[in-house]
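K.L.:
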Amino acid sequence: AIAFDVAANVPFTDDPDVTFELRLTRMQVVIATGSAMGDFGDIGSVTLSVLPPPGQTMPEETIIAAYTKLPPPANPNPTSIEVAGMSNLDLAPYITGGTMTMKLTAVSLSGSAIPDWTADVGGEFYLKATVPYGTMLGK
């Protein structure tokens, strides 16, 4: 699991006086092998999930993007995989203290180890915030 600092990009997400809605509209993760000799031919599926904050009564994890290996004639030994998804999921309930936790899971078809990899993550979001004007003047 990876903690993503949402507050670094949207500073008021950790302000208790601000209510907000942060909807995921498009997500894309491209993973690439960390080795010139490695490939992802044995990977059958990859999912990107968002995890709830501790103590929340939400699903254990919610998948926001996924990849499933295509049958031939698709490349049998890709060196990169695009994990994509579109959603209208409100991420605000998943953010606590300005941080959201995500998990990238890859499943091997044979059960063997998955090669080292790097990831490039991108997304598009819709943001609606309600800021109490009087409260914010004093900050």
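Going by our numbering, the residue at position 83 of the sequence shown is 529; the numbering climbs one at a time, nothing skipped.
Where is the CB? At the ideal position from N, CA and C, for every residue including glycine.
1) Is Gly-484 near Lys-515, with beta carbons less than 8 angstroms apart?
2) Which of the three DSSP states is assigned to Asp-451 in this structure?
3) For the beta strand (DSSP E) containing Glu-528, list its first residue and its last residue.
4) Around the Cβ of Ile-448, are there at least 16 other Cβ atoms within 10 angstroms (buried) or fewer (exposed)?
5) Grab the span of the beta strand (DSSP E) containing Asp-566 for me, first residue to last.
6) Is the segment 449-469 touching the segment 549-560, taking contact as three or more C-beta pairs under 8 angstroms?
7) Quick one: measure Cβ to Cβ for Gly-557 and Pro-522, integer angstroms, because I've assumed they're closer than 8 angstroms.
8) Is Leu-573 buried or exposed, if buried means 16 or more other CB atoms sit within 10 Å of its CB?
P.N.:
Per the coordinate set shown:
1) The Cβ atoms of Gly-484 and Lys-515 lie no closer than 8 angstroms to each other.
2) Strand.
3) Note, Glu-528: beta strand (DSSP E), 526-531.
4) Exposed, because fewer than 16 other Cβ atoms sit within 10 Å of the Cβ of Ile-448.
5) Its beta strand (DSSP E) spans residues 563-576.
6) With a cut-off of 8 angstroms on Cβ pairs, the segment 449-469 is not in contact with the segment 549-560, counting fewer than three such pairs.
7) About 18 angstroms separates the beta carbon of Gly-557 from that of Pro-522, a gap too long to meet the 8 angstroms contact definition.
8) Exposed, since its Cβ has fewer than 16 Cβ neighbours within 10 Å.
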